[in-house]
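Those letters in the sequence shown? Residues 1 to 158, by the UniProt record's numbering.
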Amino acid sequence: MSQEASPRGTFQRIAEQLKAEIDADPAMAELPSVAELIDKYEVSRGVFLRAFGVLRKEGAAESVPGGRWRVIRTGQPTDRRPLAERLVDVFVDDGLVVGAAFPSASALSVRFGVSRPTVTKGLEKLEAAGWLSAGGQGKVRTVRAVPNARGAFVACRS
Numbered sequence: 001m002s003q004e005a006s007p008r009g010t011f012q013r014i015a016e017q018l019k020a021e022i023d024a025d026p027a028m029a030e031l032p033s034v035a036e037l038i039d040k041y042e043v044s045r046g047v048f049l050r051a052f053g054v055l056r057k058e059g060a061a062e063s064v065p066g067g068r069w070r071v072i073r074t075g076q077p078t079d080r081r082p083l084a085e086r087l088v089d090v091f092v093d094d095g096l097v098v099g100a101a102f103p104s105a106s107a108l109s110v111r112f113g114v115s116r117p118t119v120t121k122g123l124e125k126l127e128a129a130g131w132l133s134a135g136g137q138g139k140v141r142t143v144r145a146v147p148n149a150r151g152a153f154v155a156c157r158s
């Protein structure tokens, strides 16, 4: 059986091709989805999972929630904290005060490069902690507490 006809090594060849695409496109931040790659290469999902495993082992990519894969570039810092923790940084970064409108889920999804439902889950954690007012469709979330100098949150007195 020829090398082309054999499934052995297919995942390695695909991993090499994906690595070449990553190297050729410095702006690439995320790998195509498994469904997109199945259509392109016409092989099974398992082959891509093995190829992604090779990229992870080589430090070229890592999995992220939602079944996607993020490209890792040497020398570029990547914030791997949970989204809820990164959302807390918005208070300081945007200079928000108690009563100020918090950015929308749509704006935050673009800012952090994640889906809106993912942002909504993070915002719900901040609401549960008492840092934001409850949001909803068409309702703006407002700041109920802000971090003090030591990084702890100070609640609104009203």
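For each residue, glycine too, the CB sits at the ideal point set by N, CA and C.
Being a predicted model, the structure only gives us computed values, none of them experimental.
The beta carbons of LEU87 and LEU108 sit about 7 Å from each other, so the pair counts as a contact at 8 Å.
The DSSP-derived three-state label of LEU96 is coil.
DSSP, reduced to helix, strand and coil, places LEU132 within a strand of the structure shown. In the displayed model, THR120 falls within a helix according to three-state DSSP.
By the C-beta criterion, the stretch 90-103 is judged not to be in contact with the stretch 51-69, since fewer than 3 inter-stretch pairs fall below 8 Å.
Secondary structure note for VAL140: it is in no beta strand (DSSP E), with a DSSP letter that is neither H nor E.
Contact between LEU37 and TRP69 does not hold, since their C-beta atoms are separated by about 10 Å, which reaches or exceeds 8 Å. DSSP, reduced to helix, strand and coil, places GLU16 within a helical segment of the structure shown.
Only buried fits ALA51, as 16 or more other CB atoms lie within 10 angstroms of its CB.
Residue pairing by DSSP places GLU62 opposite ARG70 in a beta bridge. Comparing alpha-carbon positions, the option among ARG116, VAL97, ASP89 lying closest to VAL143 turns out to be VAL97. The beta-bridge partner set that DSSP reports for GLU30 consists of ARG70. If you check the CB distance, GLN17 and VAL54 do not come in under 8 Å.
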